[in-house]
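*Asks:* All the letters of the first sequence, read from the start, carry residue numbers 6 to 576 under the numbering used here. Each residue gets a CB set at the ideal place from its N, CA and C atoms; glycine is no exception.
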Amino acid sequence: MAEERRLERLSAMLRRRGVVLPAFDIYGGVSGLIDYGPVGAAIRRRITQKWVDHWLSHGDIVEIDSPTITPEPVLVASGHVGEFNDLMTECKACGSVFRADHLVEHLHPNADSLASDAIDELLGSGIECPSCSDSAWTASLPMNLMFTTRIGAMSAGRTAYMRPETAQGMFMLYPALYRHFRQKLPFGAIQTGKGYRNEISPRQGMIRLREFNMAELEYFIDPEQPPTADLNRRSEIVMLVPDPDGPHAGEVRMGFGAALDAGIVRHPTVAWFLARTWDFLIEVGIDPARIRFRQHASTEMAHYAADCWDCEIHGEHGWIECVGIANRTCHDLESHETHSKAKGLRAWRQFAEPRSQTIERLAPNGSVIGPTFRADAGAVVAALEGLTELPDELPFDLTLADGRTVTIEPGMVERRIETANVSGEWFTPHVIEPAFGIDRIIWHVLDHAYEEAQKEGEDYTFMRLAEGISSVDCVVLPLFDKDGMPDLACEVTAAINALPHARAEMDSSKSIGRRYARADEIGVPWALTVDHTSLEDGSVTVRRRDDQVQIRAFVDEILQHLAAGTMQNLF
RNA sequence: GCGUUCAUGGUGUAGGGGUUAGCACAAGAGGUUUCCAACCUCUUAGCCCGGGUUCAAAUCCCGGUGAGCGCACCA
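Written out as structure tokens, the structure reads:
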């Protein structure tokens, strides 16, 4: 089969078999929105569940769930509103797109606060296109990639957005998480769910969607004691593409431990999550040879990230970012603390030994300062408390916060030397965030599993999905649609479906070979065939998808192996 | 958003100003068959949407929507 048409054949199969389809298709479809059909939705649920289990197994990570509708102030604090409300304009001559405020910043001191009308006026004053020197601009348009909505009716409504990431939900719950974990770092919270970005130009099937499935972990740590794991016990060699502007530019192959030791991965916890990301991707069936980790250059770093790695997977669309692992430092919690004025977005760091601190201060004498400065007394007291260097003698001139100066006379203050035992301090935890694009991962799972083969001269396709990922675990096939075989097949199907995590479907239409082919195409790993012998002794044949080898086994032992995930042991 | 190619049953395609719109595969019913897309009979099902030109549009023109590719964008 011609290799160059593989993408079309794969996409056609996904539509035909109800894996992934265009959404709202009977109304013409909407770009960037997709449906998961019966097969795809089952695969998605199982992959998502594996992701949840993967992180919950750490023991210090819990799952939460937050609203998708998010009030505006949250996203102002996170930076999503301010950073991405930029007005864009396009050169009519060459088609280049620019941030409108950047083009006119020499004409206005605060260009990024201008409305589009004002910007357009400035643009019309003869601003030249940086790439072609023409000066004809389209009307500037805001390019906020968030979907807007309102909470509440009419003018009483508050502006809100559909969340562009699930992460803010974890930050909102930080105080509850801190309590849940009995005030001890490190700990993490995960959330899976929908995220929304009103992409200008969705492309490439399920790679850039307007509504997509995300799965994010926020792991809160003490930056002075970052959690480490022994990565040198791991044996895999992975492809790394370090920061092109840094000392390790280029492409290297090494283990996670070696990369950390070499300073390529700069943070031990980030390195640990790179490794755990690798584990997950392997578990769901991504080809290890087509995974690489790429470090962001400082120029492409997200506005909140201090260091960032993309995990990219290679498929029909080239190398695609499927996971972002960012060290967001204290950016989010600190910003939410400032904007919301909430306490409780910090953690307590106990010193190994209490520190005895001796502080010399000028204690204000309220009964003198009050009557003397009256309305300014508060500011004077604040300025006194804020002094970092105490004057040697009185009187002295004290500068207030607003710049004015007052004279402090003896009697207004009392010089005190205070000793306090300090047993610890409050600090804002840092956050390491692995963020997974579930749809992109599913695409690559399907891409890597899809195999076009030949079978007796005929084209034949397999989905070599990992066990536990396929939409059902096995199909049950009555060899003939008569003689009681369908009844027995029904019983076997029901018995399997009664197991907690196993799924079976029965298929009795058309020839046995065709039914095997149908199951192979959507990746069902096992086929149980009920034949005449089954009617006599209750045994069935078990066919393994990956090599079409068959053995005979009794239903009871098959049930045990399906429940335990050890079907391979039958062979 | 710009440029470009394209849009025919579930899938892949042929055709094309007046046609019963053809084919293959898939699917459904029946027959046959002792385990890998076999065979026979029958059946279901299609010209993306909206305007225009024309006696007549699925076909030509314009617009929209969707898909692919290139440029731009992609926190």
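1) Once the 5 residues before and after Arg168 are set aside, which same chain residues still bring their CB inside 7 angstroms of it?
2) Since Met18 and Glu526 are thought to touch, with beta carbons under 8 angstroms apart, how far apart are those beta carbons, to the nearest angstrom?
3) Bridge partners of Gln300, per DSSP?
4) Would you call the CB atoms of Leu279 and Phe261 closer than 8 angstroms?
5) Quick one: grab the DSSP three-state call for Leu405.
6) Just to confirm my understanding: we take Val547, look at its own chain, exclude 5 residues before and 5 after, and list those with CB closer than 7 angstroms. What are they?
7) Where DSSP assigns a beta bridge to Lys346, which residues make up the other side?
8) Which partner residues does Tyr465 have in the DSSP bridge list?
9) Along the chain, where does the alpha helix (DSSP H) containing Asn502 start, and where does it finish?
10) For Met244 and Gly442, which I take to be in contact (beta-carbon distance under 8 angstroms), what is that distance rounded to the nearest angstrom?
11) Ignore the nearest five residues each way along the sequence and tell me which others in Asn332's own chain have a CB closer than 6 angstroms to its CB.
12) CB Gly37 to CB Pro27, shorter than 8 angstroms?
13) How is Met511 classed by DSSP in three states: helix, strand or coil?
14) Cα separation between Val477 and Glu342?
15) What is the residue span of the alpha helix (DSSP H) that Arg271 lies within?
16) Expressed to the nearest angstrom, what Euclidean distance is found between the alpha-carbon atoms of Gly408 and Val385?
17) Which whole-angstrom value is the C-beta distance of Glu223 and Ala194, which I expect to be below 8 angstroms?
18) Given a threshold of 16 other Cβ atoms within 10 Å of its Cβ, counted over all protein chains shown, does Trp142 qualify as buried or as exposed?
19) Touch check for the segment 323-332 and the segment 420-437: three-plus C-beta pairs under 8 angstroms?
20) Give the single residue among Phe152, Met490, Ile474, His322 whose Cα lies nearest to the Cα of Trp56.
21) Going by beta carbon distance, what residues of the same chain come within less than 6 angstroms of Phe29, once the five residues before and after it are set aside?
22) Can you give the Cα-Cα distance for Val560 and Val545, rounded to whole angstroms?
23) Look up Phe559 in the DSSP assignment and say whether it is helix, strand or coil.
24) Quick check on the DSSP output: the alpha helix (DSSP H) that includes Arg51 runs from which residue to which?
25) Give the DSSP bridge partners of Asn426, in chain order.
26) Leaving out five residues on either side along the sequence, give the residues of the same chain with a beta carbon under 6 angstroms from the beta carbon of Glu510.
27) Whose C-alpha, out of Ala387, Leu214, Ile212, Thr171, is nearest the C-alpha of Gly198?
28) Could you tell me which residues DSSP pairs with Cys327 in its beta bridges?
29) For Glu578, collect the residues of the same chain with a Cβ closer than 8 angstroms to its Cβ; drop the 5 residues on either side in sequence, then sort them by chain order.
30) In the DSSP assignment, what are the bridge partners of Lys199?
31) When you compare each of Gly416, Ser345, Leu392, Leu350 to Leu80 by their alpha carbons, which one comes out closest?
32) Taking the alpha helix (DSSP H) that Pro169 belongs to, which residues open and close that run?
33) Can the beta-carbon of Ser71 be found closer than 8 angstroms to that of Asp337?
34) Please state whether the Cβ-Cβ distance between Asp292 and His453 is less than 8 angstroms.
35) What does DSSP give as the partner residue(s) for Ile374 in the beta ladder?
36) Roughly how far, in whole angstroms, is the beta-carbon of Ser428 from the beta-carbon of Gln362, given that I think they are within contact range, below 8 angstroms?
*Replies:* Taking the structure as given:
1) If you number the first sequence from 1, residue 168 lands on position 163. Closer than 7 angstroms at the Cβ level, and outside the excluded window around Arg168, lie Thr73, Thr75, Gly200, Tyr201.
2) Sequence index remark: in the first sequence, residue 18 carries index 13 (1-based). Sequence index remark: in the first sequence, residue 526 carries index 521 (1-based). So it is a contact: roughly 7 angstroms between Cβ atoms.
3) As a first step, residue 300 must be located in the first sequence, where it is residue number 295. According to DSSP, which records beta bridges pairwise, Gln300 is partnered with Trp314.
4) Residue numbering aside, residue 279 sits at position 274 when the first sequence is read from its first letter. Residue numbering aside, residue 261 sits at position 256 when the first sequence is read from its first letter. Contact flag set, yes.
5) For the purposes of this step, residue 405 is taken as the residue at position 400 of the first sequence. Coil, per DSSP.
6) As a first step, residue 547 is located in the first sequence; it is residue number 542 there, counting from the start. So the list reads Trp531, Leu533, Gln555, Ile556, Ala558, Ile563, Leu575, once near-sequence residues are dropped.
7) Along the first sequence, one-based indexing puts residue 346 at 341. Answer by DSSP bridge pairing: none, since Lys346 is not bridged.
8) Your numbering for residue 465 matches position 460 in the first sequence. Looking at the DSSP assignment, Tyr465 forms a beta bridge with Ala458.
9) Taking the first residue of the first sequence as position 1, residue 502 is located at position 497. Here the alpha helix (DSSP H) through Asn502 covers 490-502.
10) Counted from its first residue, the first sequence places residue 244 at position 239. Counted from its first residue, the first sequence places residue 442 at position 437. Incorrect: roughly 19 angstroms between the Cβ atoms, too far for contact.
11) Position 327 of the first sequence, counting from 1, holds the residue named residue 332. His272, Val275, Ala311, Asp312, Ile437, listed in sequence order.
12) Counting from one through the first sequence, the residue named residue 37 turns up at place 32. Counting from one through the first sequence, the residue named residue 27 turns up at place 22. For the 8 angstroms CB-CB criterion, Gly37 and Pro27 do not form a contact.
13) Counting from one through the first sequence, the residue named residue 511 turns up at place 506. Three-state DSSP puts Met511 in a strand.
14) The residue given as residue 477 occupies position 472 in the first sequence. The residue given as residue 342 occupies position 337 in the first sequence. Approximately 47 angstroms, taken between the alpha carbons.
15) Counting from one through the first sequence, the residue named residue 271 turns up at place 266. Counting along the chain, Arg271 falls outside any alpha helix (DSSP H), and DSSP gives it neither H nor E.
16) One-based indexing of the first sequence puts residue 408 at position 403. One-based indexing of the first sequence puts residue 385 at position 380. Taking the straight line from one Cα to the other gives about 11 angstroms.
17) Along the first sequence, one-based indexing puts residue 223 at 218. Along the first sequence, one-based indexing puts residue 194 at 189. Right, their Cβ atoms sit about 6 angstroms apart.
18) Numbered from 1 along the first sequence, position 137 holds the residue referred to as residue 142. Result: buried.
19) yes
20) Stepping through the first sequence from its first residue, residue 56 is reached at position 51. Looking at the Cα atoms, Ile474 is the closest of the given residues.
21) Position 24 of the first sequence, counted from the start, is the residue given in the question as residue 29. The residues are Val35.
22) Start at 1 with the first residue of the first sequence, and residue 560 comes out as number 555. Start at 1 with the first residue of the first sequence, and residue 545 comes out as number 540. Val560 and Val545: Cα-Cα distance of roughly 7 angstroms.
23) Locating residue 559 in the first sequence gives position 554, counting from the first residue. If DSSP states are grouped into helix, strand and coil, Phe559 belongs with the strands.
24) As a first step, residue 51 must be located in the first sequence, where it is residue number 46. Membership of Arg51 in the alpha helix (DSSP H) is indicated by the continuous run 43-61.
25) Counted from its first residue, the first sequence places residue 426 at position 421. In the DSSP output, where bridge partners are listed per residue, Asn426 has Ser361.
26) Translated into positions along the first sequence, residue 510 becomes position 505. Excluding five sequence positions before and after Glu510, the CB atoms of its chain that fall closer than 6 angstroms to its own CB belong to Val477, Val480, given in chain order.
27) On the first sequence, residue 198 is found 193 positions in, with the first residue counted as 1. Nearest of Ala387, Leu214, Ile212, Thr171 to Gly198, Cα basis: Thr171.
28) Against the first sequence, residue 327 aligns to sequence position 322. In the DSSP output, where bridge partners are listed per residue, Cys327 has none listed.
29) What the structure shows of the chain is the stretch from 6 to 576, and residue 578 is not part of that stretch, so it cannot be assessed.
30) For the purposes of this step, residue 199 is taken as residue 194 along the first sequence, with counting starting at 1. DSSP, once it has assigned bridges, lists Asn218 as partnering Lys199.
31) Here residue 80 refers to the residue found at position 75 when the first sequence is read from its first residue. Looking at the Cα atoms, Ser345 is the closest of the given residues.
32) Within the first sequence, the letter at position 164 stands for residue 169. No alpha helix (DSSP H) contains Pro169, which DSSP labels as neither H nor E.
33) Translated into the one-based positions of the first sequence, residue 71 becomes position 66. Translated into the one-based positions of the first sequence, residue 337 becomes position 332. No. Outside cutoff.
34) One-based indexing of the first sequence puts residue 292 at position 287. One-based indexing of the first sequence puts residue 453 at position 448. Yes, they are a contact pair.
35) To locate residue 374, count along the first sequence from 1; it is residue 369. DSSP output for Ile374 lists no bridge partner at all.
36) Stepping through the first sequence from its first residue, residue 428 is reached at position 423. Stepping through the first sequence from its first residue, residue 362 is reached at position 357. Not quite, the Cβ-Cβ distance comes to about 11 angstroms (not below 8 angstroms), so this is no contact.
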